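Counting in UniProt numbering, the sequence shown runs from 30 upward without gaps.
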Amino acid sequence: RSARGNWHERSRIGIMGGTFDPIHNGHLVAASEVAWVYDLDEVIFVPTGRPVFKLDKHVTNAEDRYLMTVIATASNPKFTVSRVDIDRPGVTYTIDTLRDLRALYPDADLFFITGADAVAEIMQWKDVEQMFDIAHFVAVTRPGYAASNPLPEGKVDMLEIPALAISSTDVRRRATHGEPVWYLVPDGVVQYIGKHGLYHAL
Ligand code: ATP
Ligand code: MG
């Protein structure tokens with residue numbers, strides 16, 4: 030039975046992919062706002078395995094990123110976390126994420142949520158046409174990033190969300206320098222970073 034009260038309606042599921050190194054309040058606001066505007070029943074956060082666009086960069090191990098994502102989303106009844114990408118060996122391609130989730134939810138309407146910067150890369154993604162067949166794409170505004178590249182007609186919705194100028198890069202840089210990350214990430218994530226000494230020796 031869906032939130033809209035009709036047992037026969039297809040469920041509406043958001044998919045929020047990311048490196049989440051670490052997850053921050055910008056990710057959470059984006060997911061929350063898309064869930065509200067698109068009347069989603071659930072948003073599944075999917076931490077990447079080895080992100081294809083970050084092969085040249087150091088990325089925190091997948092279990093730490095997964096656990097921080099679980100901690101950050103635990104209080105929201107609509108938010109869940111999937112291990113499909115971190116349990117799949119090798120580099121993460123979004124088409125594989127979408128195929129795996131489509132297989133798990135054959136009867137749901139899927140909404141893939143990305144930031145404006147990720148949308149600029151969409152046209153370079155592997156199997157982009159098949160991705161559009163599996164899911165609707167929703168691109169949220171992100172301070173400091175303009176959606177510059179022309180998008181395929183009618184394929185990607187743009188949604189303005191309350192602006193949070195937060196990036197994981199900035200959170201890592203702050204943690205490395207001992208600067209505060211309170212209120213940029215959920216409290217439990219601040220504590221997880223401290224407890225495990227993440228980002229100390231970058
Ligand atoms: P990094 O700086 O390491 O690249 P990030 O902050 O961009 O990290 P990602 O895990 O790369 O975080 O992002 C996952 C998704 O969330 C991407 O689609 C990204 O565009 C989007 N996103 C990240 N931060 C924000 C934000 N502040 N507002 C809206 N969308 C965001
Ligand atoms: Mg990014």
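Virtual Cβ for every residue (Gly too), placed ideally from N, Cα, C.
Since the model is a prediction, treat every value here as computed from it, not as a measurement.
- DSSP places I222 within a helical segment (H, G or I) once states are collapsed to three.
- Not one heavy atom of the ligand ATP is found less than 8 Å from the C-beta of V157.
- Taking the C-beta atoms as reference points, V110 is found no nearer than 9 Å to I142.
- Ranked by how close their Cα comes to the Cα of P106, the residues I190, S197, L57 and D156 have L57 in first place.
- Contact annotation, G144 with R117: C-beta distance approximately 23 Å; criterion of less than 8 Å not satisfied.
- If you draw a 10 Å sphere on the C-beta of H53, you find 16 or more other C-beta atoms in it, and that means buried.
- DSSP lists V72 and F140 as the beta-bridge partner residues of G43.
- In the DSSP assignment, no residue is bridged to V88.
- Exclusion of G43 from the 8 Å shell around the ligand ATP follows from its C-beta lying no nearer than that to any non-hydrogen atom of the ligand.
- Contact between V120 and V81 holds: CB atoms are separated by about 5 Å, below the 8 Å threshold.
- With contacts defined by Cβ atoms closer than 9 Å, R201 and P76 do not form a contacting pair.
- A Cβ closer than 6 Å to some heavy atom of the ligand ATP marks a residue here, and those residues are G47, T48, F49, D50, G55, H56, A59, T143, G144, D146, A147, V169, R171, L193, I195, S196, S197 and T198.
- Three or more beta-carbon pairs drawn from the region 220 to 228 and the region 86 to 97 are found closer than 8 Å, and the two stretches are therefore classed as touching.
- Across the structure, A194 and L213 are spaced so that their CA atoms are roughly 9 Å apart.
- Selection I124, P135 and P215 evaluated against K155 yields I124 as nearest (Cα-Cα).
- Membership of H165 in the beta strand (DSSP E) is indicated by the continuous run H165 to V169.
- Between I222 and the set D129, A101 and A147, the nearest pair of CA atoms involves A101.
- Contact between I115 and I73 does not hold, since the beta-carbon distance rounds to 13 Å and is not under 8 Å.
- Counting the other Cβ atoms within 10 Å of the Cβ of A132 gives fewer than 16, which makes it exposed.
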